[in-house]
Structures are given as C-alpha cells and as structure tokens.
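Reviewing the structure listed below.
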Amino acid sequence: MTVIATLVATSFVMLLNETALSVALPVIMADFDVAAATAQWLLTAVMLTMAVMMPTTGWILDRFTTRTVYLSAAVFFLLGSVACALAPSFPVLLGGRILQAVGTAMVLPLQMTVVMTIVPPARRGTVMGAISVVMAVGPALGPTFAGAVMSFSTWHTTFWIMAGLVVIAGLFAAWRMTNVGEIRVAPLDALSVVLSAFAFGGLVYALSSIGAIVRGSDAAPIAVGMAVVGVIGLALFVWRQLAMGERALLSLRPLTVRNFVLCAVVLLFFQAAMLGVANLLPLYLQGALLTTALLAGLATLPGGLVETVLSPVSGVMFDRFGPRPLIGPGVAIGAVALFWLSTVDHETPYGLILAVYALFAVSMAMTLTPLITTALSSLPSEIYSHGSAIFNTVMQLAGAAGTAVSIAVYEVVAESRGGDPAAVGVGAGWAFLVNAVLLAVAVAFAVFIRRPEEGAGSAKVTTITEEPAA
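Next comes the structure, spelled out in structure tokens:
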C-alpha cells in the first residue's frame, strides 16, 4: 500500500494548491496591476491544461511505469511551484500554474488506476472511502491554509510550501515506490493529441467564458468561436478514436458500459454543482455578508471535517450494501441543501451558512466515493486507465461549466440590482438555485445505478522492474 499512500499524499498537496489561490487573487491583482478578468486566467489556465492533458493519461498510464509517471508529474509540479514562488511578473506566474496543472493531471488518474489495480473488489469501497478523507480535506483546507499563510507572509510563501511538500513526497517515492499494473506498448497517435487539445481546450475555454457570452462583452465572439472549435474537435476526436480501434489514444469502450455512463452523467451534474458552490460561496460571504477573506476561507472547513468523518463510513457501507442506498439519497440530500442555500440574502447568519454547507458535505461523502468506485468497478481491468481518464475529463468539463454558470448568474443578477450587498445576496441565491436544479436532475439518473456485476473489474497485480523499450 506504499504506492497508494504516496499518491494520496501527493494528490492532497495538489488539491490543496488548486483551491488555495482563490483567496490570494485580490492581492495578486494589486501586486501585478492586472484586472480581475486577467487574474481569473490563473484558475482558467489550470482547467484548460488539465482538460487537454486528461484524455492523454489513458495512453500515458498504459505506456509507462507507475514510478516514471509519478516522478515526471512531481517534477512538473515542483518546477511550476518554484516558478510561481519566484514569479516577477504575471505571465511567469501563469506559466508556473500551467506546469503545476500538468503534474496534477497525471497524478489524479494514476491514483484511481492504481487503486483499481491492486485493491480487491470487496475492499474497494473501504479503501476509496479512506482516500476520500484526504481528498476532501485538501480542497477544504486550501482557502484556510492560504489565508493563514498570508496573515503573516505573502502569497509567494504558499508556493514555497507546496514545493517543499512535493519534494518530500518525490524523494520518498524514489526510495520506496514500486510499479504496479501491466505495460502495453502502443504508438502515440499525434493527430489524436492535436484533436484532443482543440476539443477539450476549446470546450473548457468556452464553458469558462459563459459569463462573457451572457453579458455580450467584447470577449463573447472569441468564446463562441472556441465553442464551435471545441464541438467540431470533439466530433473529429471521437471519429479518430473509433477508427484507431485498439490503438486509440483514449479507448471509448467504457462508454459502452451502461453503469459507467450513468455514473459519468451523475458525476457531470454533481461536479458542476459542487465546484459552482465552492467558488461562489467565498464571493457571497465577502460581497453580501462582508466577511474577511479568512472567514470566507474558513466557511468550507466544517463541511470538510464532516466529509472526513463520513467518507470512510460511506466506503464501508458501499462494500456491504452497494451503491443504491448511497448515491441516490446522497444526491437528493445535496439538492435539498442547495435549495436551502438559494434562500440566502445579505442578512443570513454566517453560522447558518456553515451548517447548510456541512449538510451539503454529507451529500458529497455519500456520493463521490461510491460513484467513482461503481463506475470503474463496472469496467474490465484492461481499460481502467481509460475509464479513469474519461472520468477525470468529465470532472474538468463539469467543473468549468459549473463555476462559469454560477458566477455568471451571480454577477448578472447582482449587477442588475445595483451591486450592493443586498443585490449580491439575491444574485448568490439565484446561482445556488441553478446548482440545486442540477442535482435534482442528477437524482433521476442516480436511481438507475446498480452494483457492478460479480467478476467485473477483478484485481490483478503485476510488478514491473524495467521500462519498456522506446
């Protein structure tokens, strides 16, 4: 289990890094004298990079050993962290964030694939539940961590800390990490890589620019053009993968498995709502309730603790009872929590917001671990890596769409009412309502998810000692 522990620890650092920057954006805008729309690229570029990288990870995980993939990812993340910490200008900071995203995009699917490969089906829920504890705490602590660091230092220090943590994890991996899984030598289809970049890069850019399209700003034509490029690129990418057959960059075989598709659809809606709420909540708290950045960052901490406690319980229940008692009710609880949040205004007590978000965290604990475990356990073992790549790609697209739609609704409604704290409260309420509707739709799909058939996704461990020939 050393390999899993190393991957989980590294994922924790990378997820902590993803959410930490949101608190620092106002200071970064002042330091580099850039507008909010420009600073937002520090978040958008990460989503774009990960969306472009994710479809290639199926091939990467098939072609290279666990150690090679992990250490390469750690090097990318380390270089990005150092570049961010030393950044003398905004473009350098942006480039560092892109390098960090490359490393993150490699580690997250690798973690899923390794777990599915070495953990027997009867224990996957329990192990995934334990992993979810760490995965939940990382994003939840990100804003709190950054706020605490910035209370005594600058935002540069957060990146130095990230660099130090990933160095420790990388050195441990170089010493103790073993290879798992089987290597399948397959040529890289350059055309598929190019089409993937146009498809998923275009779609994420367009989804991230929904606000510009809604407001009819000068950036709207570019966003619409990127949407067209993304749709055409996706159609050509799918055609190319089907034509390549067994040599495809990203095997589409997982999409022929009904249970996997149902899980992916539910994940699409749930991830969109989850990230939409996570990015909207600090804006609402600071804009309507006029809280400090530290209090806004602390708002997700109780929910993270709730998810930490309940995720292992959810994993054990999954192993015993399967997904049906967890996923459907979990999504429904999330919908109820967000419908409740849609009633907020500029006078809603801070403590009530924390309590409702904690209820939403119950939904996350009940839903995410069973959803991922069910989806991948429904696949034959030889396409775990491709199923993981598809799932992570869906998460990136959903996250971009959910964040953009939530913020667009929030801004349009708030601006139309004057932009004062009361108007901000109304805008946030409408945005929370949109996310609640997404989860209500997800419930309709969740009720059809079944326990994976016996024998599907059986675990097999193969130790690799040599790299494949180039």
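Numbering of the sequence shown is given in the numbering used here, commencing with residue 1 and proceeding in unit increments.
Ideal placement from N, C-alpha and C gives every residue a C-beta, glycine not left out.
By the criterion of a C-beta distance shorter than 6 Å, Leu-249 is surrounded in its chain by Trp-59, Asp-189 and Ser-192, once the five residues flanking it on both sides are discounted. Counting every other CB atom within 10 Å of its CB across the protein chains shown gives Asp-218 a total below 16, marking it as exposed. Scanning its chain for C-beta atoms nearer than 7 Å, with the 5 sequence neighbours on each side dropped, one finds no residue around Ser-416.
Each residue's CA atom was taken as its position, placing Pro-88 and Ala-375 some 44 Å apart. Bounds of any alpha helix (DSSP H) do not take in Gly-216, whose DSSP letter is neither H nor E.
In the structure shown, Gln-271 adopts helical secondary structure according to DSSP, grouped into three states. Ranked by Cα distance from Thr-56, the first of Gly-429, Val-194 and Ala-355 is Val-194.
Around the C-beta of Phe-448, fewer than 16 other C-beta atoms lie within 10 Å, and the residue is accordingly described as exposed. Judged by DSSP in its simplified three-state form, Ser-153 adopts coil rather than helix or strand. Boundaries of the alpha helix (DSSP H) around His-386: 384-416. Contact annotation: Gly-129 and Thr-369 have beta-carbon atoms nearer than 8 Å. Bounds of the alpha helix (DSSP H) holding Ile-60 are 41-63. Residues Pro-302, Gly-303 and Val-306 of the same chain have their beta carbon placed closer than 7 Å to that of Ala-358, with the five preceding and five following residues left out of the count. An exposed status is given to Arg-184, since fewer than 16 other beta-carbon atoms sit within 10 Å of its beta-carbon. Rounded to whole angstroms, the gap between the alpha carbons of Leu-7 and Val-119 is 14 Å. Runs of the alpha helix (DSSP H) lying entirely within the stretch 83-128, each at least 4 residues long, are 90-118 in chain order. Between Leu-99 and the set Arg-123, Val-149, Leu-43 and Arg-124, the nearest pair of CA atoms involves Leu-43. For Ala-74, the CB contacts under 6 Å within the same chain, skipping 5 residues up- and downstream, are Val-166 and Gly-170 in chain order. A residue is called buried once 16 or more other Cβ atoms fall within 10 Å of its Cβ, and Arg-320, having fewer, is exposed. With a cut-off of 8 Å on Cβ pairs, the stretch 137-152 is not in contact with the stretch 331-349, counting fewer than three such pairs. Taken in chain order, no unbroken stretch of beta strand (DSSP E) lies wholly in the stretch 299-332 with a span of 3 residues or more. Judged by their CB atoms, Asn-17 and Met-162 are nearer to each other than the 8 Å cut-off. No residue range can be given for Met-177, since it is assigned to no alpha helix (DSSP H) and is classified by DSSP as neither H nor E. Between Gln-111 and the set Val-133, Thr-66, Gly-80 and Leu-79, the nearest pair of CA atoms involves Thr-66. Leu-207 sits in a helix when the DSSP states are folded into three classes.
When the alpha-carbon of Gln-286 is set against those of Glu-347, Thr-256 and Met-226, the nearest one is in Glu-347.
Scanning Gly-211, Asn-435 and Val-409 for the CA closest to the CA of Val-426 turns up Val-409. DSSP places Thr-367 within a helical segment (H, G or I) once states are collapsed to three.
Only residues of its own chain outside the window of five on either side were considered, and among them Pro-254, Leu-376 and Leu-379 have a CB closer than 6 Å to the CB of Gly-387, listed in chain order. If the five residues before and after Leu-242 are omitted, its C-beta is found closer than 7 Å to the C-beta atoms of Leu-252, all from its own chain and listed in chain order. Within its own chain, the residues whose Cβ lies closer than 7 Å to the Cβ of Val-3, once the five positions on either side in sequence are excluded, are Thr-66, Val-114, Met-177, Thr-178 and Val-180, listed in chain order. Nearest C-alpha to Val-133 among Ala-365, Ala-436 and Asn-435: Ala-365. When DSSP states are grouped into helix, strand and coil, Glu-347 belongs to the coil group.
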